[in-house]
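Contents: one structure, followed by commentary.
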Amino acid sequence: MSERILPRVTKGRRSTFFDDPAVDQVMTFFLELMTEVMVLRDRQDTLERLLETKGTVSRADLRDLPVAPEVEAERTAERAAFVERILRIHLSPNGEQGDR
């Protein structure tokens, strides 16, 4: 399987979702931060699992550890809960925060 190299810059205009472009910029920034938080959580989970099983961690261990299907399922559920918690005001039908 060959890897396709994607361009660093997208073509066309940036998508807009709100009347004020500044709100779109803030939301983009916010979603990128959410992504980074989840990457760090996955990495921390990997570190904890390695320490639990091996007692030590090397960069190679961290990079090369295969993710078991049950671990990926846990992480997927955690990501979904994270997104739901953070974006609940935008995901609810009436824009209400709910009981959480």
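Quick note: to get the numbering used here, add 618 to the position in the sequence shown (first position is 1). All C-beta atoms, glycine included, are put in the ideal place defined by N, C-alpha and C.
Note to self: Three Cβ pairs or more, each shorter than 8 Å: is that satisfied between the region 666-684 and the region 643-652?
What the structure shows: Taking a cut-off of 8 Å for Cβ pairs, the region 666-684 and the region 643-652 do not touch, as fewer than three such pairs fall below it.
**Study point:** Whole-angstrom C-beta distance between Arg693 and Asp660, which should lie under 8 Å
**Key:** In the sequence shown, counting from the first residue as 1, residue 660 sits at position 42. In the sequence shown, counting from the first residue as 1, residue 693 sits at position 75. So it is a contact: roughly 6 Å between Cβ atoms.
Check your understanding: Where Leu705 and Thr671 are concerned, what is the direct C-alpha to C-alpha distance, given to the nearest angstrom?
Key -> One-based indexing of the sequence shown puts residue 705 at position 87. One-based indexing of the sequence shown puts residue 671 at position 53. So the two alpha carbons sit approximately 35 Å from each other.
Identify whether Asp637 lies in helix, strand or coil by the three-state DSSP scheme.
Against the sequence shown, residue 637 aligns to sequence position 19. Three-state DSSP puts Asp637 in coil, outside helix and strand.
* Return the Cβ separation of Arg626 and Met656 in integer angstroms, given the expectation that the two are a contact with Cβ distance under 8 Å. => Position 8 of the sequence shown, counting from 1, holds the residue named residue 626. Position 38 of the sequence shown, counting from 1, holds the residue named residue 656. For a cut-off of 8 Å, the C-beta gap from Arg626 to Met656 is around 23 Å, too long to register as a contact.
Practice task
Determine the direct distance from the alpha carbon of Leu658 to that of Ala691, and round the result to whole angstroms.
Solution key: Your numbering for residue 691 matches position 73 in the sequence shown. Your numbering for residue 658 matches position 40 in the sequence shown. In a straight line, the C-alpha of Ala691 is about 17 Å away from that of Leu658.
Does Arg681 come out as helix, strand or coil in the three-state DSSP assignment? Here the question's residue 681 lines up with position 63 in the sequence shown. If DSSP states are grouped into helix, strand and coil, Arg681 belongs with the helices.
Exercise. So, helix, strand or coil for Thr674, using DSSP?
Worked result: Taking the first residue of the sequence shown as 1, we reach residue 674 at position 56. Here DSSP, grouped into helix, strand and coil, assigns Thr674 to coil.
| query | If you check the beta carbons only, do Asp642 and Arg631 fall under 9 Å apart? | reply | Translated into positions along the sequence shown, residue 642 becomes position 24. Translated into positions along the sequence shown, residue 631 becomes position 13. No Cβ-Cβ contact shorter than 9 Å links Asp642 with Arg631.
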